[in-house]
């Protein structure tokens, strides 16, 4: 978590972002997404995510996307008992 991300807390309070979730992607990152990766765009973005916690910029882009997809998948699994 970086101090320059503090203003994003306003977006969390407004409901536009969550504390944890995939980071908002840049347009050039979206251009690299596979069709499966694009599911990531339907999830509320977060201030921090798994790949930031695990290594931040030391993690290659494909692994960042994979970790985001694993997080999204695990969130869906945690909601299934409620359905």
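Residue numbers (my numbering): 9 to 91. Built from N, CA and C at the ideal position, the CB exists for glycine as well.
(request) Could you tell me how far apart the beta carbons of residue 20 and residue 27 are, in whole angstroms, since I believe they sit closer than 8 Å? (result) 6 Å
(message) Are the CB atoms of residue 80 and residue 52 within a distance shorter than 8 Å?
(response) no
(message) Can you tell me whether residue 25 sits near the ligand NAD, meaning its C-beta is under 7 Å from at least one heavy atom of the ligand?
(response) With respect to small molecules bound, the structure shown includes none, and the ligand NAD cannot be examined in it.
(request) Give the DSSP-derived three-state secondary structure of residue 55 in the structure shown. (result) strand
(message) Quick check: the Cα distance between residue 2 and residue 25, rounded to an integer number of angstroms?
(response) Past the edges of the chain, shown from 9 to 91, lies residue 2, and the structure says nothing about it.
(request) Going by DSSP, name the residue or residues bridged to residue 28. (result) 56
(request) Go to residue 22, then tell me how far its alpha helix (DSSP H) extends in each direction, as first and last residue. (result) 16-22
(message) Among the candidates 55, 72 and 59, whose CA atom is the shortest distance from the CA of residue 37?
(response) 72
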